[in-house]
Structures are given as structure tokens and as C-alpha cells.
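Asks: Chains U and H, in that order, give the protein sequences.
Under this note's numbering, the first residue of the first sequence is numbered 1, with each subsequent residue one higher.
Under this note's numbering, the first residue of the second sequence is numbered 82, with each subsequent residue one higher.
Glycine included, C-beta positions come from ideal geometry on N, C-alpha and C.
Structure provided below as C-alpha cells; questions to follow.
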Amino acid sequence: MGVLRVLSHHGDDRYQWNYPAVLEGDEAAEEAIREAERIFAEQRAQGSTAVRVAPGKPAERIDSFDPAAQEIVMIPRVVGG
Amino acid sequence: MPSANVVLLFITTITVTLAMFRLSALVTMSPYFRSRVWPWLRTRAWWPVPAERTAEALLHRLLTDREYDALGFNGYLEVPSREYPGRMYRIPRGPGQVQVVEHGRVTERLCVQPASVGLPEADVVLMHKLLLESDERRYLLTANHFPRAIWY
Chain U
1 MGVLRVLSHH
11 GDDRYQWNYP
21 AVLEGDEAAE
31 EAIREAERIF
41 AEQRAQGSTA
51 VRVAPGKPAE
61 RIDSFDPAAQ
71 EIVMIPRVVG
81 G
Chain H
82 MPSANVVLLF
92 ITTITVTLAM
102 FRLSALVTMS
112 PYFRSRVWPW
122 LRTRAWWPVP
132 AERTAEALLH
142 RLLTDREYDA
152 LGFNGYLEVP
162 SREYPGRMYR
172 IPRGPGQVQV
182 VEHGRVTERL
192 CVQPASVGLP
202 EADVVLMHKL
212 LLESDERRYL
222 LTANHFPRAI
232 WY
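Take a look at the structure:
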């Protein structure tokens, strides 16, 4: 299962997908992954940074949606304070 | 005189109430409370702010046990630089700027914040950590730098 987390004032909004099921042609799984990809693109357009994370490993910035990622965190646009 | 007693009672009540507020503020805003007690409370199921609960749970899950314990103990999270050997970034829990520590000495402070307000405290810690790990150069370009020389 992959999960896209969008950090927000709600804590984080989560969108999940099942990549193995997508590879098997499951329509519901394809719909879920399309939705995650759409949100990823929408957030990127707003200036968010996307990072692929895994516990115990350094975060890795990504510029395009990775359906095979286990977890992607979208960080809202930041500015110098 | 009854009216004098009423005035005295009123003043005493106000004074005691103010003193209690002040004392509770001193205790709850202390570093120990900020870095250990509040985060622990936020992870409880009954905590009334779901955003803070989910943010704290995410932070706890994405840090190692050692990092999370150190954050609670010190009040800041240390992230080693991948670009500059010997450099460490200290991310505070709660308000404050990220400190740049080189060879044990704070050399400057960095200020970076979300463009839109309202991220829970734990998400802000995570935001700094993830940005520093994933793209340190961009983080440094975005940040406002406060060199040690201008603190005084």
C-alpha cells in the first residue's frame, strides 16, 4: 500500500493506493492511484515539496509521482521568516 | 464594616486568581512541559485536537526512537548536514529558529516557515527535518539567515 500525506492544519490528509492491485488491473485501485496522482500534481502546482520517506532513512525529494513509493509527504510551500 | 469586608474579599479573590493563572502559565510553558508533557498528552486518544494528535503520531513514526526521545529530552531535534561536514541543524519543538551548529558552536539561526499558517507543532518539526534532508541547498536559499554577529 502506498500513502500520500498532505501536511495541513488538519494534521495530515491521507490518500492511499494499492500498487500491486494496479499492476493486476484492478479498476478501483487504478482510480485511487489516479486520485493520488491528481492531488500530488495539484499540491506541486501550489508550491509544495514532495518527499519520499521511509522510517530510519533520510527523506528524498521527488518531482514526479512515484506509484511504487510506500509513503510520500507533501510539505506546503515555505518562505523565509 | 460589611462593605470593607466585601472589598477586601474582592481584592483577595482577584489577587489569588491572577496568581493561580500566573503559576499555571509558568508551569505549563516551561521547557519540560513544552518538550515532554504536551507531546505525550497529544498522543492520547482523548486529546481534543485531532490535528495535533495525528501530527504527533506521524512525527513519532517517522523519527527513530532515539531521535524522538532526544527531541523530548532536549527540546530540539538534531539533523546532520549532508552538504557540510561537521554541521548540525537544531530544530526546536515549538516557536524558535533553527540553529546551525558547527563543531559544537552555534554559528547562525535560520528562519523558515510555512507560507500558510496553522501547521501543528509536530508537523513543523517534521517539515524542517524533511526539507533539510531532502534538499538542504534549497532550504538554505529559502531561509532568512541571522548570523551570530547580529544577535547582540
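Going by beta carbon distance, what residues of the same chain come within less than 6 Å of U/Trp17, once the five residues before and after it are set aside?
Replies: The count along the first sequence starts at 1 and reaches residue 17 of chain U at position 17. In chain order, Gly2, Ala32, Ile33, Ala36 place their CB closer than 6 Å to the CB of U/Trp17, counting only its own chain and leaving out the 5 sequence neighbours on each side.
Asks: When the Cα atoms are used, what is the spatial distance from H/Asn86 to H/Leu191?
Replies: By one-based count along the second sequence, residue 86 of chain H stands at place 5. By one-based count along the second sequence, residue 191 of chain H stands at place 110. If I take the Cα positions, the gap works out to 56 Å.
Asks: Are there three or more Cβ pairs, one per stretch, closer than 8 Å when the stretch 50-69 of chain U is compared with the stretch 215-225 of chain H?
Replies: yes
Asks: Find the nearest neighbour of U/Ala59 within the set H/His209, H/Thr223, H/Ala224, H/Arg229, judged by alpha-carbon distance.
Replies: In the first sequence, counting from the first residue as 1, residue 59 of chain U sits at position 59. Closest option to U/Ala59, Cα to Cα, is H/His209.
Asks: List the residues of chain H whose Cβ lies closer than 7 Å to the Cβ of U/Ile75, in chain order.
Replies: As a first step, residue 75 of chain U must be located in the first sequence, where it is residue number 75. Near U/Ile75 (Cβ distances below 7 Å), the residues of chain H are Met208, Leu211, Leu212.
Asks: Per DSSP, U/Thr49 forms a beta bridge with which residues?
Replies: Here the question's residue 49 of chain U lines up with position 49 in the first sequence. Paired residue(s): U/Ile75.
Asks: According to DSSP, which residues form a beta bridge with H/Val227?
Replies: Sequence index remark: in the second sequence, residue 227 of chain H carries index 146 (1-based). Sequence check: residue 227 of chain H is Phe here, not Val. DSSP output for H/Phe227 lists H/Arg190 as bridge partner(s).
Asks: Between the stretch 71-78 of chain U and the stretch 37-46 of chain U, are three or more C-beta pairs nearer than 8 Å?
Replies: yes
Asks: Mind listing which residues of the stretch 49-78 of chain U have their C-beta closer than 8 Å to chain H's C-betas, in chain order?
Replies: Thr49, Val51, Val53, Pro55, Gly56, Pro58, Ala59, Glu60, Arg61, Val73, Ile75, Pro76, Arg77, Val78
Asks: At what residues does the beta strand (DSSP E) containing H/Arg123 begin and finish?
Replies: By 1-based counting over the second sequence, the position of residue 123 of chain H is 42. No beta strand (DSSP E) contains H/Arg123, which is instead part of the alpha helix (DSSP H) from 119-123.
Asks: So if I threshold CB-CB distances at 8 Å, which residues from the stretch 3-26 of chain U count as touching chain H?
Replies: Arg5, Leu7, Ser8, His9, His10, Gly11, Asp12
Asks: Let me check understanding here. Comparing Cα to Cα, which of H/Pro176, H/Trp121, H/Glu133, H/Ala136 lies closest to H/Asp150?
Replies: The residue labelled residue 150 of chain H in the question sits at position 69 within the second sequence. Comparing Cα positions, the closest option is H/Trp121.
Asks: How long is the line joining the alpha carbons of U/Pro67 and H/Ala196, rounded to whole angstroms?
Replies: For the purposes of this step, residue 67 of chain U is taken as residue 67 along the first sequence, with counting starting at 1. For the purposes of this step, residue 196 of chain H is taken as residue 115 along the second sequence, with counting starting at 1. Looking at the two C-alpha atoms, the distance is approximately 28 Å.
Asks: Over what stretch of residues does the alpha helix (DSSP H) that includes H/Gly153 continue unbroken?
Replies: Here residue 153 of chain H corresponds to residue number 72 of the second sequence, with the count starting at 1. First-last of the alpha helix (DSSP H) with H/Gly153: 146-155.
Asks: Answer with yes or no whether the minimum CB distance from H/Thr188 to chain U is below 8 Å.
Replies: On the second sequence, position 107 is the one that residue 188 of chain H refers to. No, its Cβ sits nowhere closer than 8 Å to a Cβ of chain U.
Asks: Pick from H/Leu152, H/Ala132, H/Ala224, H/Leu212: whose alpha carbon is nearest that of U/Asp12?
Replies: Indexing the first sequence from 1 puts residue 12 of chain U at position 12. Among H/Leu152, H/Ala132, H/Ala224, H/Leu212, the Cα nearest to that of U/Asp12 belongs to H/Ala132.
Asks: Using a Cβ-Cβ cut-off of less than 8 Å, list which residues of the stretch 136-170 of chain H approach chain U; keep chain order.
Replies: Ala136, Leu139, Arg142, Leu143, Thr145, Arg163
Asks: Pull up the distance between the alpha-carbon of H/Pro201 and that of H/Val160, whole angstroms please.
Replies: Here residue 201 of chain H is taken as the residue at index 120 of the second sequence, counted from 1. Here residue 160 of chain H is taken as the residue at index 79 of the second sequence, counted from 1. Each residue's alpha carbon lies about 20 Å from the other.
Asks: Using CA coordinates, which residue listed in U/Pro55, U/Ser64, U/Ala21 is at the minimum distance from U/Ala41?
Replies: Locating residue 41 of chain U in the first sequence gives position 41, where the first residue counts as 1. If we check each option's Cα against that of U/Ala41, U/Ser64 comes out closest.
Asks: Should the stretch 165-181 of chain H be called in touch with the stretch 109-129 of chain H, which here means at least 3 C-beta pairs below 8 Å?
Replies: yes
Asks: What does the alpha-carbon distance come out to for the pair U/Ile62 and H/Leu140?
Replies: Walking along the first sequence from the start, residue 62 of chain U turns up at place 62. Walking along the second sequence from the start, residue 140 of chain H turns up at place 59. Whole-angstrom Cα-Cα distance: 20 Å.
Asks: Applying a beta-carbon distance threshold of less than 9 Å, which residues of chain U neighbour H/Glu217?
Replies: For the purposes of this step, residue 217 of chain H is identified with residue 136 of the second sequence, where counting begins at 1. Near H/Glu217 there are no residues of chain U at all, since even the closest Cβ is about 10 Å away, more than 9 Å.
Asks: Taking C-beta to C-beta, are H/Val193 and U/Gly81 nearer than 8 Å?
Replies: Your numbering for residue 193 of chain H matches position 112 in the second sequence. Your numbering for residue 81 of chain U matches position 81 in the first sequence. U/Gly81 is positioned such that its CB atom lies closer than 8 Å to that of H/Val193.
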